[in-house]
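> Next up is a structure, given as structure tokens.
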Amino acid sequence: MLNTGGLSLDQAPPIRVPFAFFLAAPLFAILAGGFLLWQGNLALLTRWSPAALAVTHLIALGFLTQVMCGALFQMLPVLAGARVAAVTRVAPLVQGCLVTGTLSLSGGLYWGGALWLVVGAVLLSCALLIFIGAAGLALARARGVPRTLQAMRLALLALLMTLLLGGLLVAVLLGAPIGGFTHWVDLHLGWGLLGWVGMLVMGVGYQVVPMFHVTPAYPPWLTRAAAPLVFAGLLVATGLTLTGSAVPAAWGFGVSVSGLVLFAVVTLILQRRRERPRLDVTLIYWWTAMLAALAAALVWALDGRVEPIGVLLLIGVGIGLPSGMLLKIMPFLSWFHLQHRQVTTRRFDVRLPYMQVFIPERLARIQFGVFLGALLVTVAAAGWPVSGWGAWLARLGGLGLVVSSVLLWWLQAGCVWRYREISRRLG
Amino acid sequence: MDNAASLPMTQVKEPPRGDSQNPAIPIHQASDTSMASIITDAFTQDHHACDHRLAAAEACVGRGDWSDIGTAAEALVSAMNRHFDAEEQTLFPRLAEIYRVAANPIEVMLSEHAQMRVLFEDLTEAVGRQDRDTCLGILETLHFLTQQHNSKEECVLYPMADGALKTQAGEIADLLAHG
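Protein chains in written order, with my numbering: chain W, 1 to 427; chain A, 1 to 179.
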């Protein structure tokens, strides 16, 4: 039997759809850095501080989830082999709700207004449920490499769990009589960071690591086991919490962490064996993110402070990895669309620049350098927040995050500007 | 803005190297996968061979040895052209004869072949000028274009061809072996 339904290879959305998400994301990283700069180590002393909660959601939702939504809207038609229905209307709706919901929720967490929390929760529920619906539908029909699809489907389920638990936590903040607040927060964090972020990185990594740098393939035992291991660990942790078991939920989280550690170690080994010799900034971002994930796992295993773990995962992985990918993907999409247009319009008199011209590698390296400095300083500030230098380190980290995010946005805007300029010349 | 592009990160693709797993065959559901994937296996393997040549050309440019670069670039272009010939002259026409539904994907593939051929010409010129930065820019762009292109062929067209051209699969796969 042949299943040829929806078999078109020309179904990606207009370039403005993913670019709108990509361009808005760094603005939230700038806001998060601004909070750190303003609040100093108050944001890093404890994960329960209003500033820490606001920064966490600005990064997790405003930056990371925003980039991921844009990237998935781009890729779903290709994965599913069918256009996402009304993508040009659905995507701005998701983005509008995501942006306003994130701002409202973060404001509510910082200033404590019940109305802002409710508005934030409602808007984010709209954004993420529409997104999960659209993405889930496409992934359910998708054909392709089973292990990537499996990791992505599980990541989407984890996002749903994160959202449900987030709604529960907002209800508790508003006075609902539900006990065990800290346990629910741990589960919310686990499903968000290990589940949504971790498994999505796996699904993407199985594809792009071998593809970008011509490395050997991920071993089948890893692609079979890693994402299900993360998911199973989260289910166990949730079950233990729900049943009020004497066994701590950390046992379940431990299983999930081991899945991610395996993935990070294998990724670093594969990238060492790459055939493409170039040391481009995307590769360096991947190394940084994988090392940050391993460092976070080590601190967790040693029962260290949770705040540096949060910094390593949110900034090191959550901002670092998408940044590295954007610096490669945006130039390629720009070039590809322009080349296609050139063939269509037959304007061969217009000379197209190659990928590096859209985002120059030298400037991208400077951006990475500032980001790395910000990451290291903020980790130090979160690790030793009460030392004499703590407050200054936190502010310096915040400043670094602002500067690196402004630079990232500047590079992206330059790419879009070059795209539009050439596009105009092509007519 | 047009809407023709697809991300490299977004493509469905079996990892390219050193993996003996069969690629997923989502379109053609056959019980005997070894027989059912002759075209997919052969053409995917040839993609990987071209990937190796591109990486080798990049390594030569990095070292700056221009006599090696010329040879490596020529080997890359000739390997890719040979692959295109097998597809354009044999595989795609025979597939299109049997399944009209393949016409649209084939058209997209042919237009991307044309995009790559433009880059081949640019590469040859840049090697002639010994322009290192331009060579690296072209090879990077070619790499990403090729990867996303190969993904689509490996996940859609080749499995479809394996289903449609069972009796001719061996002969078509041999085109690459004996080029």
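Yeah, the Cβ is synthetic: ideal placement off N, Cα and C, and Gly gets one too.
Keep in mind that this is a model prediction, so the values were computed, not measured.
Would you say the beta carbon of R47 (chain W) is closer than 7 Å to some non-hydrogen atom of the ligand SAH?
Because no ligand of any kind appears in the structure shown, any question about the ligand SAH cannot be addressed here.
> Look up A177 (chain A) in the DSSP assignment and say whether it is helix, strand or coil.
DSSP places A177 (chain A) in helix when its eight states are reduced to three.
> Assuming F22 (chain W) and G70 (chain W) make a contact with CB atoms under 8 Å, what is their CB distance in whole Å?
Right, the Cβ-Cβ distance comes to about 5 Å (below 8 Å), so this counts as a contact.
> Have a look at Q148 (chain A) and V406 (chain W) and give me their C-alpha separation to the nearest angstrom.
Between Q148 (chain A) and V406 (chain W), the C-alpha separation is close to 30 Å.
> Considering only the alpha carbon of each residue, which of W:M199, W:P146, W:A121, W:A138 lies closest to L163 (chain W)?
Among W:M199, W:P146, W:A121, W:A138, the Cα nearest to that of L163 (chain W) belongs to W:A121.
> Would you give the residue range spanned by the alpha helix (DSSP H) that V201 (chain W) belongs to?
It spans 199 to 213 - the alpha helix (DSSP H) in which V201 (chain W) sits, taken as one unbroken run.
> Can you grab the Cα-Cα spacing for the pair A55 (chain A) / R224 (chain W), in whole Å?
Those two C-alpha atoms are separated by around 29 Å.
> Measuring only the C-alpha atoms, how far is A295 (chain W) from I172 (chain A)?
About 51 Å.
> Indicate the three-state DSSP secondary structure (helix, strand or coil) for W184 (chain W) in the structure shown.
If DSSP states are grouped into helix, strand and coil, W184 (chain W) belongs with the helices.
> Could you tell me whether any Cβ in chain A is nearer than 8 Å to the Cβ of W409 (chain W)?
Not an interface residue.
> Listed in chain order, which residues of the stretch 184 to 207 of chain W have Cβ atoms closer than 9 Å to some Cβ of chain A?
Flagged, chain order: V204, Y206, Q207.
> At a cut of 8 Å, does the stretch 250 to 269 of chain W reach the stretch 223 to 240 of chain W through at least three beta carbon pairs?
As far as the Cβ criterion goes, the stretch 250 to 269 of chain W touches the stretch 223 to 240 of chain W, which means the pair count is three or higher.
> Exposed or buried, S323 (chain W), counting other C-beta atoms within 10 Å across all chains shown (16 or more means buried)?
Its Cβ being crowded by 16 or more others within 10 Å, S323 (chain W) is buried.
> Following the continuous alpha helix (DSSP H) through T134 (chain A), name the residue where it begins and the one where it ends.
Segment 132 to 152, the alpha helix (DSSP H) holding T134 (chain A).
> Secondary structure at N81 (chain A), three-state DSSP: helix, strand or coil?
Of the three classes helix, strand and coil, the one that applies to N81 (chain A) here is helix, per DSSP.
> Examine chain W for any beta-carbon lying closer than 8 Å to the beta-carbon of D51 (chain A), and answer yes or no.
Answer yes: the Cβ-Cβ gap between D51 (chain A) and chain W drops below 8 Å somewhere.
> Would you call L58 (chain W) buried or exposed, if buried means 16 or more other Cβ atoms sit within 10 Å of its Cβ?
The residue in question, L58 (chain W), is buried, as its Cβ has 16 or more Cβ neighbours within 10 Å.
> Please confirm if the stretch 82 to 94 of chain W is in contact with the stretch 125 to 136 of chain W, defined as three or more CB-CB distances below 8 Å between the two stretches.
With the cut-off at 8 Å, the stretch 82 to 94 of chain W and the stretch 125 to 136 of chain W touch.
> Whole angstroms is fine: what's the gap from I178 (chain W)'s alpha carbon to W251 (chain W)'s?
Straight-line Cα distance between these residues: approximately 23 Å.
> Which runs of the alpha helix (DSSP H) spanning at least 4 residues fall entirely within the stretch 14 to 65 of chain W, listed in chain order?
Those alpha helix (DSSP H) runs which fall completely within the stretch 14 to 65 of chain W and span 4+ residues are 16 to 39, 42 to 45, 50 to 57.
> Applying the criterion that 16 or more other CB atoms from any shown protein chain within 10 Å of the CB defines a buried residue, is V247 (chain W) buried or exposed?
Burial call: exposed.
> Please report the straight-line C-alpha distance between G137 (chain A) and M355 (chain W), rounded to a whole angstrom.
Answer to the nearest angstrom: the Cα atoms are 6 Å apart.
> Any Cβ of chain W within less than 8 Å of the Cβ of E58 (chain A)?
So yes, E58 (chain A) belongs to the interface.
> Closer than 7 Å between beta carbons: that is the criterion. Which residues of the stretch 71 to 98 of chain A meet it against chain W?
Listed by position, the residues of the stretch 71 to 98 of chain A near chain W (Cβ gap below 7 Å) amount to none.
> Is the beta carbon of A57 (chain A) closer than 8 Å to that of P277 (chain W)?
Result no, Cβ atoms of P277 (chain W) and A57 (chain A) do not sit closer than 8 Å.
> Does any CB atom of chain W fall closer than 8 Å to the CB of S37 (chain A)?
No - not a single Cβ of chain W is within 8 Å of the one on S37 (chain A).
> What do you get for S404 (chain W), buried or exposed, if any count of 16 or more other CB atoms within 10 angstroms of its CB means buried?
S404 (chain W) should be labelled buried.
> Report yes or no: is there a C-beta of chain W within less than 8 Å of the C-beta of E125 (chain A)?
Cβ-Cβ to chain W under 8 Å: no for E125 (chain A).
> Counting contacts by CB-CB distance shorter than 8 Å, is R424 (chain W) in contact with chain A?
Taking Cβ atoms only, chain A never reaches closer than 8 Å to R424 (chain W), which makes this a no.
> Can you tell me where the alpha helix (DSSP H) with F371 (chain W) in it begins and where it stops?
That run of the alpha helix (DSSP H) goes 361 to 383.
> Just the C-alpha distance for A114 (chain A) and A289 (chain W), rounded to the nearest angstrom, thanks.
A114 (chain A) and A289 (chain W): Cα-Cα distance of roughly 37 Å.
> Going by the CB atoms, is the gap between G398 (chain W) and G34 (chain W) shorter than 8 Å?
It is a contact, given that the beta carbons lie within the stated cut-off.
> Could you tell me which chain A residues have their CB closer than 8 Å to the CB of P322 (chain W), listed as they occur along the chain?
Those within 8 Å of P322 (chain W) in chain A number zero; the least Cβ separation is about 11 Å.
> Would the stretch 363 to 378 of chain W count as touching the stretch 340 to 347 of chain W if we require 3 or more Cβ pairs under 8 Å?
Touching, no, given that fewer than three Cβ pairs across the two stretches are closer than 8 Å.
> Closer than 7 Å by beta-carbon distance: list the chain W residues that pair up with G170 (chain A), in chain order.
Near G170 (chain A) there are no residues of chain W at all, since even the closest Cβ is about 20 Å away, more than 7 Å.
> Go through its chain and collect everything with a Cβ distance to A20 (chain W)'s Cβ below 8 Å, but skip five positions before and after it.
Hits under 8 Å: G70, A91, P92, Q95.
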